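Numbering (UniProt numbering), first residue to last: 1 to 257. Using N, Cα and C, we set each Cβ at its ideal position, and we do this for glycine too. On a predicted model such as this, the values are computed, not experimentally measured, just so you know. What follows is a short report on a single structure.
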Ligand SMILES: Nc1ncnc2c1ncn2[C@@H]1O[C@H](COP(=O)(O)OP(=O)(O)OP(=O)(O)O)[C@@H](O)[C@H]1O
């Protein structure tokens, strides 16, 4: 189980008069994610989704608050937690001068995987996402959808129990997006806990067991998509999202915010 307790992140910032101040990106966020769950974090631009993922994956230090993985604390047990989690970042960050195989090899070595294990795991995962044929191609030659699938392969190499995906299907065509959804569902069926952020409300509705709606850094609701629809008496999650974020003074635009 992942437990996030009273998480806060403040960034230094200059106010309108140019005076040093602080901007609160995440404001007293508390939530739990169960093992094997697909959990979605939704919110308008600037709501604090990426900042939350960055703190949960130990790429940014919280101003205050606690993050626990089955009781392991990010402040004390970073090395053990890193072996449990895989991270798919929002932006593609491969070494563009290396091949697909070389990029994966590099990552597997960072996780201290043995030679034979690396070779077998890379082959298995590339086959799984139908990229086995491009193992020797330069990464820069891949299409956007192929790069996204490769980011997922890289994050899965060391067999993490929890996978974080920050906007996994942004700017992808509907076919590729569906393929990534199928991949995420498959991983959850295999017992991996999935924590994702998305701008696409229909993506959250299709994939997530529960969603948290964040606005201006604070949690405005957390429930299953079905319960949220029922509570608000609205036909779909997009309507719920627009109503809740509008109430909070941060109305979105259409299905993408
Ligand atoms: N390094 C930083 N320094 C200062 N402010 C930051 C920094 N990173 C994020 N912020 C601010 O924190 C707030 C939350 O940003 P964050 O990127 O977490 O939002 P988000 O919900 O992921 O947005 P988007 O949907 O646009 O990606 C924003 O106001 C942003 O400007």
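Between the region 150-170 and the region 7-15, are three or more C-beta pairs nearer than 8 Å? Contact annotation: the region 150-170 does not touch the region 7-15, with fewer than three C-beta pairs closer than 8 Å.
Who are the near neighbours of residue 49 in its chain, counting only those whose CB is closer than 7 Å to its CB and skipping five residues on each side? Counting only Cβ-Cβ distances below 7 Å, and skipping sequence neighbours, we find 41, 43, 197, 214.
Just how far apart, CA to CA, sit residue 116 and residue 102? Distance between the alpha carbons of residue 116 and residue 102 is about 15 Å.
Which residue comes first and which comes last in the beta strand (DSSP E) that contains residue 86? 85-88 is the span of the beta strand (DSSP E), which, as asked, contains residue 86.
Cβ atoms of residue 228 and residue 237: under 8 Å apart, would you say? Their beta carbons are under 8 Å apart, which means residue 237 touches residue 228 by this criterion.
In chain order, what residues of the same chain have a beta carbon less than 7 Å from the beta carbon of residue 234, not counting five sequence neighbours either side? These residues qualify, in order along the chain: 240, 243.
Does the region 132-149 come into contact with the region 86-104, if we say contact requires no fewer than three beta-carbon pairs (one atom in each stretch) closer than 8 Å? The region 132-149 is in contact with the region 86-104.
Do you know how far the Cα of residue 156 is from the Cα of residue 182? Rounded to whole angstroms, residue 182 to residue 156 spans 15 Å at the Cα level.
Pick from 161, 46, 72: whose alpha carbon is nearest that of residue 190? Selection 161, 46, 72 evaluated against residue 190 yields 161 as nearest (Cα-Cα).
Answer yes or no: the CB of residue 11 versus the heavy atoms of ligand 1, is any distance below 7 Å? Distances taken from the Cβ of residue 11 to the heavy atoms of ligand 1 include one shorter than 7 Å.
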